[in-house]
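Residue numbers (this note's numbering): 5 to 194.
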């Protein structure tokens, strides 16, 4: 909904097809969002006067729609910041536990925002990140760290692997097990 409202706010009058192109949503989803916005009084529509196709309507965000968009944006930002703070707290707790366990050199599994947070915080914990393991990430490096493959790991160069992937944790554990990493060396954000 927010993407549709953002696109409507950016243009004076816009069609469903234009909304679809701007938001990346298919027409069916755009239509659904518009109907919900119309029901709530956040959008009004009018027939396009200078279009030979009489089925074309222009959609306009109402003042109530602008207010609702602001509230949605605020809630989205608050949710995002709350989530970021929760992940950051988990990163701090996990790094403290790793340091206490004597972990000095770590490989991260999962190129993600959590991996960036870990990288930012490791200098304070005395832990060195030597690379990132992620079979789906295509570049040679991530956030300045080399991208590793399971075959690249030299067991004597690292003390543990920290899973920083935010999804598919079971798949991550399976991948690491198949790569020969023992469960005792695998850490998760607690």
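Ideal Cβ placement from N, Cα and C applies to all residues, glycine included.
If you check the CB distance, residue 152 and residue 137 come in under 8 Å. Separation of residue 155 and residue 183 (C-alpha to C-alpha, rounded to the nearest whole angstrom) is 7 Å. Residue 99 is classed as buried because its beta carbon has at least 16 other beta carbons within 10 Å across all chains shown. Beta-carbon to beta-carbon, residue 189 and residue 164 are separated by about 5 Å, close enough to satisfy the 8 Å threshold. For residue 50, the pairing in a beta bridge is given by DSSP as 62. Distance from the CA of residue 85 to the CA of residue 77, rounded to the nearest whole angstrom, comes to 12 Å. Taken atom to atom, the span from the alpha-carbon of residue 157 to that of residue 113 is near 12 Å. Separation of the CB atoms of residue 81 and residue 12 is rounded to 19 Å, and the pair is thereby denied contact status at 8 Å. In its chain, beyond the 5 residues on either side, 163 have a beta carbon closer than 8 Å to the beta carbon of residue 106. Taken atom to atom, the span from the alpha-carbon of residue 186 to that of residue 133 is near 19 Å.
A Cβ-Cβ contact shorter than 8 Å links residue 131 with residue 110. Collapsing the DSSP output to three states places residue 151 in a strand. DSSP, reduced to helix, strand and coil, places residue 44 outside both helices and strands of the structure shown, so it counts as coil. Pairing residue 102 with residue 119, the inter-Cα distance amounts to about 15 Å. If you ignore the 5 residues before and after residue 141, its C-beta comes within less than 8 Å of the C-beta of 115, 151, all in its own chain and listed in chain order.
For residue 78, the enclosing alpha helix (DSSP H) covers residues 67-104.
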